[in-house]
């Protein structure tokens, strides 16, 4: 008897809950569901994207929204777990009735959610994952790549490195998909551009490794001309510290994607290593244009810090949502997708085009080397900057579409 | 002669030294974990969080003292102490009520604490990566064995290791409270029966164990990226070390840390692509040969 009472109370509660959660379905807003990692080491990047996204959304809403509707968003912390991430995406679509999905830093989650988005015919803007599979072999009508992917970063870096005199390379990195993918993309393209290069050896360490000295002594004693360090996230800072303490940076020049970003150089302060080559699609101090300065000023006013490169993705996603629905003329998912194909938005790095053939945002890549600069008293910045335009490194539409077969 | 040069090759020697300096951090953290496991019978998953808090405290304290060498030394003293105080409060208000329960309950409690502290650290210190500068005296490298670099900070770690080990040996073996705690580890009812307040002995041991976690965090801070999630990797390694060393045996933690640290650095030398595998392979081999760990377990 008692059990029955509990059970009925539970059922009534559940009913109430479901009523409550569907009550938010109104149609007077455009609702964005964001699934990303907001705990653990990757959180700093996800938060940067979210902050940038919020800033633009607030601006849009202050002007009255899009098509007279405010943009509303809900976030879910998937804790870097693909199964949880997918469940959250489902919940957002089925219960919260979001109009589109956005996220996720975990490539596995991004691919799982992308698959779900395809089935449910929900647009999914990938603002954080770096895997080239998103708009490559696993690409489809409903998914859009906003962040740069490993193919783009690797090819841009290979292009820049092929101009340098180095021949004997060593590859080292985080033993997960991102690390291997960056390294492979740099290496395969470098070999194509400069057939004389040779690979001395490679080293892979586990994600979250905290002591690189044993790996570094190994690399140094082999005396390669150049090191491709395929590290990501929190490892970037630790590796940079170890590279400086052991004197690796002064003996073996090296490349790390995103090392020039403020998110990495900021924490290291003036102790950051000088002379490390890196790439990033955006830096808060480059390009040195009025548009970028104004953007950074607004961002600092809102959050009291400089934006990292990831801010560009949050910014772009919000702009695409605004412009996309405006052009579509209605909150219609299919029309929104049609509108986005080939759409150009303005951004702190200039005009950015969403390529129609593969739904990958055409980002430029900034190639530079870390150096002290009298204009920045607290951290190192990139110098000798070369801006590689996207047409110089983006895989062609044919190349991408071939992988989907 | 060939064998001699092979064994004493500069590469091997420097790799061993590097492995040893890594061992120091692992030993300091794992010995605290083992101490708590041996005396209080708590499988303390929260230990990793305290290590993380120790590193974050080091960041804050060294920053508060100007970020220079002075800041580092102050942090090295104050960060572990503040971690110990936090642990004392937790022990007095939560853990002490659960000693009579099953291990599973204690395990759950420490797990809950680790989740809560994961979020607390996020709230207090934020999401950005943090870096503690290496104090000026320890910056750069010395060149040993054929010019291979060895960071001076690692030399400092090598010196700290024995100091901590000896201090721990004195506390456990030479002080009254150490003797009582060893007795309590064997039979806590008996110790209580002879009129000793076991509760406070446990609180003290818990605090010392957690102090070691904080010290590990403070020592590691200048060499790594102080960030969320640094607790996860470490707690797993620390538990493996404690298990291969013998549950609850502080010297087992030393042996375990040596095996783990050296297997890793030598593994990288032998087969760089698969360097990660070696310490775990060593753990498997030890457990196959001695399932209860290398030294005598107190369990």
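Residue numbers (my numbering), protein chains in the order written: chain C, 1 to 405; chain U, 1001 to 1299.
Ideal placement from N, C-alpha and C gives every residue a C-beta, glycine not left out.
Just so it is clear, the structure is predicted and the values come from calculations on it, not from any experiment.
| Check | Outcome |
| --- | --- |
| With DSSP collapsed to three states, give me the class of residue 1148 of chain U. | strand |
| Rounded to the nearest angstrom, what separates residue 1023 of chain U and residue 1259 of chain U at their Cα positions? | 8 Å |
| Classify residue 25 of chain C: buried if its beta carbon has 16 or more other beta carbons within 10 angstroms, exposed otherwise. | Because the pLDDT at residue 25 of chain C is just 46, under 50, the model does not fix this residue reliably, and the point stays unresolved. |
| If we ignore side chains and look at the alpha-carbon of each, how far apart do residue 1280 of chain U and residue 1292 of chain U end up? | 16 Å |
| Looking at the unbroken beta strand (DSSP E) that takes in residue 1224 of chain U, where does it start and where does it end? | No beta strand (DSSP E) contains residue 1224 of chain U, which DSSP labels as neither H nor E. |
| So which of C:193, C:128, C:167, C:133 has the shortest CA-CA distance to residue 158 of chain C? | C:193 |
| Can you grab the Cα-Cα spacing for the pair residue 1057 of chain U / residue 143 of chain C, in whole Å? | 42 Å |
| Locate the beta strand (DSSP E) running through residue 226 of chain C, then write down its first and last residues. | 226-230 |
| Could you check where the beta strand (DSSP E) with residue 102 of chain C kicks off and where it finishes? | 100-103 |
| From the DSSP output, in three-state form, read off residue 1132 of chain U for me. | coil |
| Residues of chain C with CB closer than 7 Å to the CB of residue 1118 of chain U, please, in chain order. | 39 |
| Within 8 Å (strictly less), CB to CB, does residue 1135 of chain U reach chain C? | no |
| Indicate whether at least one CB of chain U lies closer than 8 Å to the CB of residue 36 of chain C. | no |
| Secondary structure at residue 140 of chain C, three-state DSSP: helix, strand or coil? | coil |
| What are the uninterrupted segments assigned as beta strand (DSSP E) that are 3 or more residues long and contained completely in the stretch 303-341 of chain C, given in chain order? | none |
| What does residue 1268 of chain U touch in chain C if you count any residue whose Cβ is under 9 Å from its own? | 203, 205, 214, 215, 217, 218 |
| Starting from the C-beta of residue 384 of chain C, find all residues in its chain whose C-beta is less than 7 Å away, skip the five residues before and the five after it, and write them out in chain order. | 368, 369 |
| Can the beta-carbon of residue 330 of chain C be found closer than 8 Å to that of residue 341 of chain C? | no |
| Contact criterion: CB-CB distance below 8 Å. Does residue 273 of chain C meet it with respect to chain U? | no |
| On a CA-only basis, which of C:130, C:360, C:263 is nearest residue 396 of chain C? Give me that one, please. | C:360 |
| Suppose you measure from the CA of residue 1248 of chain U to the CA of residue 1036 of chain U; what does that come to, to the nearest Å? | 7 Å |
| List the residues of chain U whose Cβ lies closer than 9 Å to the Cβ of residue 174 of chain C, in chain order. | None at all; the shortest Cβ gap to chain U is about 11 Å. |
| Taking 8 Å as the cut-off, does the stretch 1180-1197 of chain U touch the stretch 199-213 of chain C (at least 3 CB pairs, one atom from each stretch)? | no |
| Please decide whether residue 1124 of chain U counts as near chain C, where near means a Cβ-Cβ distance under 8 Å. | no |
| Quick check on residue 1223 of chain U - is its C-beta less than 8 Å from some C-beta in chain C? | yes |
| Where do the ends of the alpha helix (DSSP H) carrying residue 132 of chain C lie? | From DSSP, residue 132 of chain C is part of no alpha helix (DSSP H); its letter is neither H nor E. |
| Rounded C-beta distance between residue 303 of chain C and residue 77 of chain C? I'm assuming under 8 Å. | Not confirmed; about 19 Å, so no contact. |
| Of all the options C:284, C:279, C:91, which has the alpha carbon lying nearest to the alpha carbon of residue 299 of chain C? | C:284 |
| When you compare the CB positions of residue 86 of chain C and residue 124 of chain C, do they come within less than 8 Å of one another, or not? | no |
| Once the 5 residues before and after residue 23 of chain C are set aside, which same chain residues still bring their CB inside 6 Å of it? | Unreliable positioning characterises residue 23 of chain C in this predicted model, as indicated by a pLDDT of 39, which lies under 50. A coordinate reading is not provided. |
| Judging by CA-CA distance, which residue of C:352, C:211, C:73, C:121 is the nearest neighbour of residue 1275 of chain U? | C:211 |
| Could you tell me which whole beta strand (DSSP E) segments of length 3 or greater appear in the stretch 1263-1294 of chain U? | none |
| When the cut-off is 8 Å and only beta carbons count, does residue 22 of chain C lie next to chain U? | Because residue 22 of chain C sits at a pLDDT of 41, beneath the cut-off of 50, its placement in the model cannot be relied upon, and the point is left open. |
| Less than 8 Å separating the beta-carbons of residue 269 of chain C and residue 392 of chain C? | no |
| When you compare the CB of residue 1045 of chain U with every CB in chain C, is at least one pair closer than 8 Å? | no |
| Residues of chain U with a CB under 9 Å from the CB of residue 237 of chain C: which are they? | 1129, 1130, 1131, 1224, 1225, 1226, 1227 |
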